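Read the structure below first, then the notes.
Residue numbers (my numbering), protein chains in the order written: chain A, 1 to 314; chain B, 315 to 762.
Structure (structure tokens):
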């Protein structure tokens, strides 16, 4: 079941198209990674989902309904450009932001006390924000984002400004929220965290969706038929049959490591058979591309094809 | 609870809780009271005693009377006096009346000093006593004028009553001038003080980057108007506190010092009479006479105060302040949204300050002719009318003119709120970009 979907969303700023026919969907209870280079249009899309700006055409559906003001209380948003009132006290400020999301005074205070206890920051309540370190402020900001228990959470570069310990805490909290049934849209440049957290991804480049789907499927479709093989040490080069090429061969005292690529005509079993005849196989593993490689490959080839199109136009 | 009310509440409470708000709230009445009390205090309780030497070669000025503050010493000739002046702790000034070369009355009289020039009050005391002695000794004795006749002549004064022929009402124009000037200046200052508070508030939210969190919860328009209304309430609170505080301090001060004031006034009158050579017995009888012109003036002022329609003026002041504030503060909010530092917003703030500044500069002219064409035009143009109309109201303005002016102002506010909201909405989410007028024009034409 989809919690959030955009359909053919378009948005232009005077003379410049920020989003072009963008359709994405986030399955309920999963984490959707929203990826793309700087200036691709991610922030514009996120602002449209938050109803900060309106699309020129296309529509956004929330739980099957057309997105409207009443959904604001069901969305939590942690923007990339974020901050708090410096002179305001932490507790007072968190109460204010929570009540703007529609919580009653009583609920807001009760939940805030619980969260402050969880993060062991009760003594911050009466401190001014400017007295806190940047990392501490980020924690407060995170609490405010999730306090009203929204069905949809949007995190834009959530890890920027966090030290590794707090980043890990944040990652665990995001996964915990997901396990409690929340849907998360997660925009980042940190590809390692995408592999750890995301179930699905959408890759936007130059205002268009260029790749989307489940992380596993995408990785699968990008595999290059490359295998890592570790075998008992053999001296000299190993010659393979037609269709198998050796990308690299290294060795230590005991093992020889091979990186092999096979043609489309061959299956992994063919490779294994061929290996068994020649060496003593200790391990055999397919190499799947990392999200980082997929990102770079997709964006680069997309840019090249667009440049080519533009040249044809001229 | 409505979200805009939450914003108003926050804007109001954070400002009212600030120390600077209370410092300003207390400081203004204290300054006001100090302005009122210090001269009175100094006049009644001056502890400095000045010693003045008098060398009179003519014998006309033989009756200098010492007071608490000034002691006069007659000296035989100028050499003795000059020696005394040179020594420390003797005399600080010499009044030297030389025998004139021709005639009886010397026309040039010198006051010498060596270290510090005598204070204005000492100088005026000398001057006053000499005028009185001149009258007594020359007019009365030399020309043989009857003392009673003389008193009658000098005590005769004229009161000018300017009245409306139709209603028989008095004019009280000087009172109106003061009210017009003070209230228009107050509106002018309030618009800029609280308008720039709105601007700084918007800039704070933008540079803090909290604004993106906020606009995911409520509409930019709600945020902007919440701030504008919240700051307006802070302004009104401050006005009320100022009025209540200064009113009560001044009342308390006046009651506590009523004795001092009365004594001071009586002493002044007695001194004045004594200096005319009136005997103590005569003083009591004369007192009521000399009081006359003074009380007349006072009653006229009181009558003026009662007569001027304070209700109308107060209502006009409130309406003009609120409308003028709305007009300018929304524009200030827009300026705050498109700038990130005080330095780069001057190109937008300057055009906003010019119209009202112009009216303030022209206020003396407007007061001279409150129903002249310049005044009427300025009180109709919405960017000048809040102040210009306030200048005119105390002098009486036809109701239809007030209605038209307020109507134009209200319509313009609808327009500026629309313009400001549009600029604000786009501006607050735009970081690190310098915005030009050309850019703004684009925003207004295209729906972003």
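Note that beta-carbon positions come from the ideal geometry of N, C-alpha and C, so glycine has one too.
All values reported here derive from a predicted model rather than from experimental measurement.
Cβ-based neighbour list, residue i, same chain, cut-off 7 Å, excluding 5 preceding and 5 following
{"i": "residue 70 (chain A)", "result": "none"}
{"i": "residue 461 (chain B)", "result": "454"}
Backbone CA spacing between residue i and residue j [nearest angstrom]
{"i": "residue 429 (chain B)", "j": "residue 355 (chain B)", "result": "26 Å"}
{"i": "residue 479 (chain B)", "j": "residue 710 (chain B)", "result": "16 Å"}
{"i": "residue 607 (chain B)", "j": "residue 458 (chain B)", "result": "Because the pLDDT at residue 607 (chain B) is just 47, under 50, the model does not fix this residue reliably, and the point stays unresolved."}
{"i": "residue 100 (chain A)", "j": "residue 33 (chain A)", "result": "27 Å"}
{"i": "residue 602 (chain B)", "j": "residue 463 (chain B)", "result": "Low confidence applies here, because residue 602 (chain B) scores a pLDDT of 48, under 50, leaving its location unreliable; read the following figure in that light. When rounded, the distance between both Cα atoms is 18 Å."}
{"i": "residue 466 (chain B)", "j": "residue 475 (chain B)", "result": "22 Å"}
{"i": "residue 533 (chain B)", "j": "residue 83 (chain A)", "result": "18 Å"}
{"i": "residue 642 (chain B)", "j": "residue 507 (chain B)", "result": "11 Å"}
{"i": "residue 491 (chain B)", "j": "residue 673 (chain B)", "result": "15 Å"}
{"i": "residue 331 (chain B)", "j": "residue 95 (chain A)", "result": "17 Å"}
{"i": "residue 246 (chain A)", "j": "residue 284 (chain A)", "result": "14 Å"}
{"i": "residue 744 (chain B)", "j": "residue 1 (chain A)", "result": "35 Å"}
{"i": "residue 689 (chain B)", "j": "residue 707 (chain B)", "result": "11 Å"}
{"i": "residue 560 (chain B)", "j": "residue 515 (chain B)", "result": "29 Å"}
{"i": "residue 542 (chain B)", "j": "residue 681 (chain B)", "result": "31 Å"}
{"i": "residue 411 (chain B)", "j": "residue 473 (chain B)", "result": "38 Å"}
{"i": "residue 528 (chain B)", "j": "residue 31 (chain A)", "result": "24 Å"}
{"i": "residue 564 (chain B)", "j": "residue 115 (chain A)", "result": "53 Å"}
{"i": "residue 604 (chain B)", "j": "residue 558 (chain B)", "result": "Residue placement at residue 604 (chain B) is flagged as unreliable, the pLDDT there being 46, under the threshold of 50; a coordinate-derived value is accordingly withheld."}
{"i": "residue 324 (chain B)", "j": "residue 126 (chain A)", "result": "16 Å"}
{"i": "residue 55 (chain A)", "j": "residue 74 (chain A)", "result": "20 Å"}
{"i": "residue 86 (chain A)", "j": "residue 72 (chain A)", "result": "25 Å"}
7 Å Cβ cut-off: residues of chain B touching residue i
{"i": "residue 82 (chain A)", "result": "523, 526 and 527"}
{"i": "residue 50 (chain A)", "result": "530"}
Cβ neighbours of residue i in the same chain (closer than 6 Å, five flanking residues each side left out)
{"i": "residue 525 (chain B)", "result": "519 and 742"}
{"i": "residue 704 (chain B)", "result": "497, 498, 501 and 634"}
{"i": "residue 368 (chain B)", "result": "378, 386, 388 and 409"}
{"i": "residue 249 (chain A)", "result": "258"}
{"i": "residue 648 (chain B)", "result": "734, 737 and 738"}
{"i": "residue 78 (chain A)", "result": "145, 155 and 158"}
{"i": "residue 322 (chain B)", "result": "540, 543 and 544"}
{"i": "residue 509 (chain B)", "result": "642, 643 and 646"}
{"i": "residue 278 (chain A)", "result": "238"}
Proximity of residue i and residue j at Cβ, strictly below 7 Å
{"i": "residue 19 (chain A)", "j": "residue 11 (chain A)", "result": "yes"}
{"i": "residue 730 (chain B)", "j": "residue 644 (chain B)", "result": "yes"}
{"i": "residue 669 (chain B)", "j": "residue 698 (chain B)", "result": "yes"}
{"i": "residue 536 (chain B)", "j": "residue 317 (chain B)", "result": "yes"}
{"i": "residue 364 (chain B)", "j": "residue 347 (chain B)", "result": "no"}
{"i": "residue 512 (chain B)", "j": "residue 646 (chain B)", "result": "yes"}
{"i": "residue 550 (chain B)", "j": "residue 326 (chain B)", "result": "no"}
{"i": "residue 687 (chain B)", "j": "residue 719 (chain B)", "result": "no"}
{"i": "residue 184 (chain A)", "j": "residue 153 (chain A)", "result": "yes"}
Nonlocal neighbours in the same chain, by C-beta distance under 8 Å from residue i, ignoring five residues either side
{"i": "residue 452 (chain B)", "result": "374, 418 and 419"}
{"i": "residue 132 (chain A)", "result": "90, 124 and 140"}
{"i": "residue 60 (chain A)", "result": "4, 5, 6, 7, 9, 48, 49, 66 and 67"}
{"i": "residue 320 (chain B)", "result": "540"}
{"i": "residue 44 (chain A)", "result": "11, 18, 19 and 53"}
{"i": "residue 293 (chain A)", "result": "222"}
{"i": "residue 215 (chain A)", "result": "33, 194, 195, 198, 199, 200, 201 and 291"}
7 Å Cβ cutoff, residue i in contact with chain D
{"i": "residue 128 (chain A)", "result": "The structure shown has no chain D; the protein chains it does contain are A and B."}
Residue i: contacting residues in chain B (beta-carbon distance under 9 Å)
{"i": "residue 72 (chain A)", "result": "530, 531 and 532"}
{"i": "residue 85 (chain A)", "result": "324, 328, 518, 519, 522 and 524"}
Chain A residues whose Cβ lies nearer than 7 Å to that of residue i
{"i": "residue 328 (chain B)", "result": "88"}
{"i": "residue 738 (chain B)", "result": "Those within 7 Å of residue 738 (chain B) in chain A number zero; the least Cβ separation is about 13 Å."}
Contact list for residue i against chain B, beta-carbon separation under 8 Å
{"i": "residue 79 (chain A)", "result": "523, 526, 527 and 530"}
{"i": "residue 111 (chain A)", "result": "Result: empty, since nearest Cβ-Cβ is about 16 Å, beyond 8 Å."}
{"i": "residue 96 (chain A)", "result": "320 and 324"}
Where residue i meets chain A, residues with beta-carbon distance less than 8 Å
{"i": "residue 751 (chain B)", "result": "Chain A residues near residue 751 (chain B): none, gap ~15 Å exceeds 8 Å."}
Contact set between residue i and chain A, taken where Cβ atoms lie within less than 9 Å
{"i": "residue 745 (chain B)", "result": "81"}
Any chance the segment 647–667 of chain B sits against the segment 739–752 of chain B, with 3 or more Cβ pairs inside 8 Å? yes
Would you call the segment 371–381 of chain B in contact with the segment 403–421 of chain B, where contact means no fewer than 3 C-beta pairs closer than 8 Å? yes
Quick one: any contact between the segment 114–123 of chain A and the segment 156–163 of chain A, if contact means 3 or more CB pairs under 8 Å? no
Does the segment 297–313 of chain A come into contact with the segment 250–264 of chain A, if we say contact requires no fewer than three beta-carbon pairs (one atom in each stretch) closer than 8 Å? no
Assess, as a yes-or-no matter, whether the segment 54–72 of chain A is touched by the segment 220–234 of chain A under the definition of 3 or more beta carbon pairs within less than 8 Å. no
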